[in-house]
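Numbering (my numbering), first residue to last: 99 to 235.
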């Protein structure tokens, strides 16, 4: 892992703008990242309602893309389906964008922490996915 090159970008995707933004803010704060990792939230619909928006997701992914890949962390249901459809379509998201199979909050924290070390997209995705094993008892 090296921080000589561009960092992996991270996008939090939720049905709620407030939730997507809060998870991104918490992940950045817990990582001690201070804005180093390119991080954006894509939540809700363009009019502020609940739902998912391919336009908001695409804009957030473009915003954080520095050429090292983009990790997309999603909450549930249609957010997952929307990102999967966008990846299958192939023209809305930057090359190297990846849906990360991870718990939303814990995975976002792990992704930002790992990205801040200069790790590549595969390592960021693996660290986020390992959050499934975090026990709370």
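Yeah, the Cβ is synthetic: ideal placement off N, Cα and C, and Gly gets one too.
Buried/exposed call for residue i, threshold 16 Cβ in 10 Å
i	result
residue 139	buried
residue 133	exposed
residue 169	buried
residue 148	exposed
residue 186	exposed
residue 103	exposed
residue 101	Residue placement at residue 101 cannot be trusted, given a pLDDT of 46 that sits under 50; what the coordinates show is reported in the next sentence. Classification of residue 101: exposed, given that the 10 Å Cβ count is below 16.
Cβ pair residue i, residue j closer than 7 Å
i	j	result
residue 194	residue 167	yes
residue 208	residue 223	no
residue 210	residue 129	yes
residue 122	residue 137	yes
residue 150	residue 110	no
residue 171	residue 202	yes
Member of the options whose CA lies at the smallest distance from the CA of residue i
i	options	result
residue 238	198, 234 and 113	Given that the chain is displayed from residue 99 to residue 235, the structure contains no residue 238 and the question cannot be resolved.
residue 221	164, 155 and 196	196
residue 218	152, 117 and 164	164
residue 228	212, 144 and 119	212
Residue range of the alpha helix (DSSP H) that includes residue i
i	result
residue 203	202 to 214
residue 264	Missing from the structure shown is residue 264; the chain here goes from 99 to 235 and no further.
Cβ distance (whole Å) where residue i is taken to contact residue j below 8 Å
i	j	result
residue 214	residue 173	Their Cβ separation, rounded to whole angstroms, is 22 Å, which puts residue 214 and residue 173 out of contact at 8 Å.
residue 200	residue 230	7 Å
residue 115	residue 141	4 Å
residue 156	residue 191	6 Å
Residue range of the unbroken beta strand (DSSP E) whose run includes residue i
i	result
residue 111	107 to 112
residue 139	137 to 141
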